[in-house]
Amino acid sequence: MDRMLTILNQNNADVACAIYNENTLQGEQYYQILTRDQFTGLFLTPSKEGDRIFAAYGPQMTGFVIGHFDSVLKRYFLTMIGVRRPYRRQGIGTMLLNWLQQEVNKDAEREGLGMPSLEISYCDPAEITWVLPGTPGHIHPNAPGVLLGSPAHLFFKNRGFLDFAYQNSYHLDLKSYQWPQEKMKPYLEKMAARGYTIEFYDPAKHKDMQGLVDDLNNDLWNTQIPVEMNRPGGPRPTLIVNDHGRVGGFAGPIVVEDSGRGWLLGLLIHSRCRKAGCATVLFNRMCEEFRKAGAQYMTIFTTENNPARAIYESAGFSIHASWADMRRKAGSCG
Ligand SMILES: CC(C)(COP(=O)(O)OP(=O)(O)OC[C@H]1O[C@@H](n2cnc3c(N)ncnc32)[C@H](O)[C@@H]1OP(=O)(O)O)[C@@H](O)C(=O)NCCC(=O)NCCS
């Protein structure tokens, strides 16, 4: 077989889009089926100024690879790799991966970024929508890594990538959700003893949102929450823990997507307000507000060892898929 690679771009993306959709249609992936335009919009268009894209087809367009550089995080991501089934286990995936690594190495050298790692995680600027198995088409807008146990997971492991976190994707059908009055009582009492209440955020009344963001210091929230707070019309309805006038916790905003999904940025509790029942009450109140706002379901993902999972599970959420976040450090052999 001719081993030449072809650059993949917006003008020749049809085949890559077909390979991508094939994996879903054959039940190997949960990704949403995309049109060619959706495919180019998601994978081959930088999501913000300064981001860069690296994309190529394998020999005779039997596979493709797409990588992204995020200009804010200054990290390189392997966003998508796919090889048509009849051509697998013939080294095409490895060839594509090696090509991407070389492009990334060259790019990092040009930009003075040192030896770059390649990462596959929820931080990738291209957010891939997928359909949760076992639901009536309910979607989540970001695939947080590589499906655990999939051929792709084995492929990356055997090419020098290491799992650095495991993510579980949770789902709740809000039709069956009821505010758990009795269960919340002890938590509400603990909160009251420390003078905490749950309220909708009012910038005129509640101070120091930035203090909460700084305390958590999470890659995504560091940018997303200030953006939400500075929206032209003001932030959308968001629940907070009122810690004597300071923001001690955040849940929301309460936004219902066209799909019926309740959209939120996250659930955060300041370290000074922990162990007082805030997260449990805040989370359940948020589910209740989503239901009232007309959302049909919620999806969230969290790391396997995150203590918040107990809160989600006790509110009735169940795991529908598990993922590995993977990284290959510069210099590791493939
Ligand atoms: C991951 C993928 C691109 C690999 O493509 P490929 O052309 O088969 O890759 P290569 O032939 O270079 O390497 C295959 C290696 O992966 C591992 N591997 C892949 N599938 C495997 C399986 N079913 N069982 C065991 N090992 C497997 C092995 O290490 C194998 O090497 P070997 O053939 O020497 O044993 C391909 O499986 C694919 O398209 N998967 C679906 C798309 C996907 O999930 N992409 C990931 C999202 S980022």
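Start counting the sequence shown at 564; every next residue gets the next number (our numbering).
Yeah, the Cβ is synthetic: ideal placement off N, Cα and C, and Gly gets one too.
Nothing here was measured: the structure is a model prediction, and the numbers come from that model.
> Rounded to whole angstroms, how far is the Cβ of A814 from the Cβ of F846, which I believe are closer than 8 Å?
Replying inline: If you number the sequence shown from 1, residue 814 lands on position 251. If you number the sequence shown from 1, residue 846 lands on position 283. Rounded to whole angstroms, the Cβ separation of A814 and F846 is 6 Å, and the two are in contact under 8 Å.
> Is there at least one non-hydrogen atom of ligand 2 closer than 8 Å to the beta-carbon of Y650?
Replying inline: Ligands displayed in this structure: ligand 1; ligand 2 is not among them.
> If you run the structure through DSSP and keep just helix, strand and coil, what is K770?
Replying inline: In the sequence shown, residue 770 corresponds to position 207, counting from 1. DSSP, read as helix, strand or coil, puts K770 in strand.
> Which value, in whole angstroms, describes the spacing of the CA atoms of L783 and R799?
Replying inline: In the sequence shown, residue 783 corresponds to position 220, counting from 1. In the sequence shown, residue 799 corresponds to position 236, counting from 1. Computed Cα separation, rounded: 18 Å.
>> Using CA atoms only, rank isn't needed, just tell me which of R872, L710, A579 and A842 is closest to V646.
In response: Locating residue 646 in the sequence shown gives position 83, counting from the first residue. Taking only the C-alpha atoms, the option nearest V646 is A579.
> DSSP three-state call for W742: helix, strand or coil?
Replying inline: Here residue 742 refers to the residue found at position 179 when the sequence shown is read from its first residue. Annotated three-state conformation of W742 is coil, per DSSP.
>> Using C-beta distances below 8 Å, list every residue in its chain close to E612, excluding the 5 sequence neighbours before and after it, in chain order.
In response: Locating residue 612 in the sequence shown gives position 49, counting from the first residue. Non-local C-beta neighbours of E612 in its own chain, meaning closer than 8 Å and more than five positions away in sequence, comprise S634, ordered along the chain.
>> In the DSSP output, what is I570 paired with across the bridge?
In response: For this step, residue 570 is matched to residue 7 along the sequence shown. Within the DSSP secondary-structure output, I570 pairs in a beta bridge with A619.
>> ligand 1 and R835: does the residue's C-beta get closer than 8 Å to at least one heavy atom of that ligand?
In response: Working through the sequence shown from its first residue, we reach residue 835 at position 272. Every heavy atom of ligand 1 is 8 Å or more from the Cβ of R835, so no.
> What's the call for C896, buried or exposed, on a 16-neighbour Cβ count within 10 Å?
Replying inline: Within the sequence shown, the letter at position 333 stands for residue 896. Residue confidence is low: C896 scores 46 on pLDDT, short of 50, so the model does not pin down where it sits. Its coordinate-derived value is still stated next. Classification for C896: exposed.
>> DSSP three-state label for T862, please.
In response: Stepping through the sequence shown from its first residue, residue 862 is reached at position 299. In the three-state reduction of the DSSP assignment, T862 falls in the strand class, which pools E and B.
> Straight-line CA distance for K892 to G723?
Replying inline: The residue labelled residue 892 in the question sits at position 329 within the sequence shown. The residue labelled residue 723 in the question sits at position 160 within the sequence shown. So the two alpha carbons sit approximately 8 Å from each other.
> I863 and S739: beta carbons closer than 9 Å?
Replying inline: Taking the first residue of the sequence shown as position 1, residue 863 is located at position 300. Taking the first residue of the sequence shown as position 1, residue 739 is located at position 176. No.
> Span of the beta strand (DSSP E) holding R673?
Replying inline: Along the sequence shown, one-based indexing puts residue 673 at 110. Per DSSP, R673 lies in no beta strand (DSSP E); the unbroken alpha helix (DSSP H) holding it starts and ends at I655 to E674.
> What three-state label does DSSP hand Y593 in the structure shown?
Replying inline: To locate residue 593, count along the sequence shown from 1; it is residue 30. Here Y593 carries a coil assignment [DSSP, helix/strand/coil].
> Do you know how far the Cα of E851 is from the Cα of P743?
Replying inline: Sequence index remark: in the sequence shown, residue 743 carries index 180 (1-based). Sequence index remark: in the sequence shown, residue 851 carries index 288 (1-based). Distance between the alpha carbons of P743 and E851 is about 10 Å.
>> Output needed for G697: all residues of its chain with C-beta closer than 7 Å, excluding positions within five of it in sequence on either side, in chain order.
In response: Position 134 of the sequence shown, counted from the start, is the residue given in the question as residue 697. Taken in chain order, the residues that qualify are H883.
>> Using only the alpha-carbon positions, how far apart do A576 and I683 sit?
In response: Along the sequence shown, one-based indexing puts residue 576 at 13. Along the sequence shown, one-based indexing puts residue 683 at 120. The alpha-carbon of A576 is positioned some 22 Å away from that of I683.
> Taking Cβ positions, are P816 and T801 nearer each other than 9 Å?
Replying inline: Against the sequence shown, residue 816 aligns to sequence position 253. Against the sequence shown, residue 801 aligns to sequence position 238. Taking 9 Å as the cut-off, the Cβ atoms of P816 and T801 count as close.
> Are three or more beta carbon pairs between the region 656-671 and the region 679-694 nearer than 8 Å?
Replying inline: Judged by Cβ distances under 8 Å, the region 656-671 makes contact with the region 679-694, as three or more pairs qualify.
>> Under DSSP, the beta strand (DSSP E) around M792 begins and ends at which residues?
In response: The residue given as residue 792 occupies position 229 in the sequence shown. From DSSP, M792 is part of no beta strand (DSSP E) but of the alpha helix (DSSP H) over D782 to M792.
>> Applying the 10 Å Cβ sphere with the 16-neighbour rule, what's the burial state of E820?
In response: The sequence position of residue 820 within the sequence shown is 257, counting from 1. With fewer than 16 neighbouring CB atoms inside 10 Å of its own CB, E820 falls in the exposed class.
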